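In the UniProt record's numbering, the protein residues as written are 1 to 207.
Take a look at the structure below.
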């Protein structure tokens, strides 16, 4: 899904494209979105209008993708984006009212907004489950690793209720572990003459 947003900055129109999810390169799309959010923060004049118009929509789409059990990629990137967005709210960097129809505390509104999204999407969840999850979104927003685990725990609850396999939620860690093991194996092989073919040895090691 691609959105095209025109953000006025210093009297000019700057074209901003952010991607919530791209079928073939979801992580790249999330990185673009993350970068855009960081750039918007630097433009105070445009930022508040942007937040009022798009903040809740972005949040809704992020949760729609991350809780879709058919998608498992990019959990770390999702966590990075969500912690950034919740920090913006908690630290008061969003001065405009995110709910103009009923002005109030933005943090309280976002907590209620996310809770309602989840209750609507997953009516089988208990109120206590949703409350604990939403509370954690703000309590853990300074620690991406802890936030990611909190997010994954919630996704496990969703998948287990649906009777689905939860092992795919740990693919990122498994892939990283395998990459590290392969790198260590390669280093060990390079240290023993004759194990690797000459073309597998970096040029600087051949001098």
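Glycine included, every Cβ here is placed at the ideal spot set by N, Cα and C.
Predicted, not measured: the structure shown is a model, and the values here were computed from it.
Contact between residue 89 and residue 60 does not hold, since the beta-carbon distance rounds to 15 Å and is not under 8 Å. Just so you know, the alpha carbons of residue 121 and residue 187 end up roughly 48 Å apart.
According to the DSSP assignment, residue 61 belongs to the alpha helix (DSSP H) that extends over 44–66. Close CB contacts of residue 34 within its chain, under the 8 Å cut and outside five residues either way in sequence, are with 77, 80, 81 and 84 (chain order). In its chain, beyond the 5 residues on either side, 40 and 41 have a beta carbon closer than 7 Å to the beta carbon of residue 47. With 16 or more other CB atoms across the displayed protein chains lying within 10 angstroms of its CB, residue 141 is buried. Distance from the Cα of residue 125 is smallest, within the candidate group 103, 75 and 160, for 160. Cβ contact annotation for residue 63 (same chain, cutoff 6 Å, sequence separation greater than five): 117, in chain order. Distances from the CA of residue 115 to each of 94, 74, 149 and 154 were compared; the closest alpha carbon is that of 154. The alpha-carbon of residue 32 is positioned some 15 Å away from that of residue 75.
The beta carbon of residue 38 sits closer than 8 Å to the beta carbons of 84 from its chain, once the five residues preceding and following it are set aside; these are given in chain order. Taking C-beta separations shorter than 6 Å and ignoring five residues to either side along the sequence, the partners of residue 136 in its chain run 150, following chain order. Across the set 133, 111, 52 and 30, the C-alpha of 133 shows the shortest separation from the C-alpha of residue 158. In this structure residue 130 does not touch residue 148 by the C-beta definition: roughly 19 Å separates them, more than the 8 Å allowed.
C-alpha of residue 58 to C-alpha of residue 66: approximately 12 Å in a straight line. Annotation for residue 106: the continuous alpha helix (DSSP H) segment containing it runs 106–121. Contact between residue 138 and residue 55 is absent: CB atoms are separated by about 15 Å, not below the 8 Å threshold.
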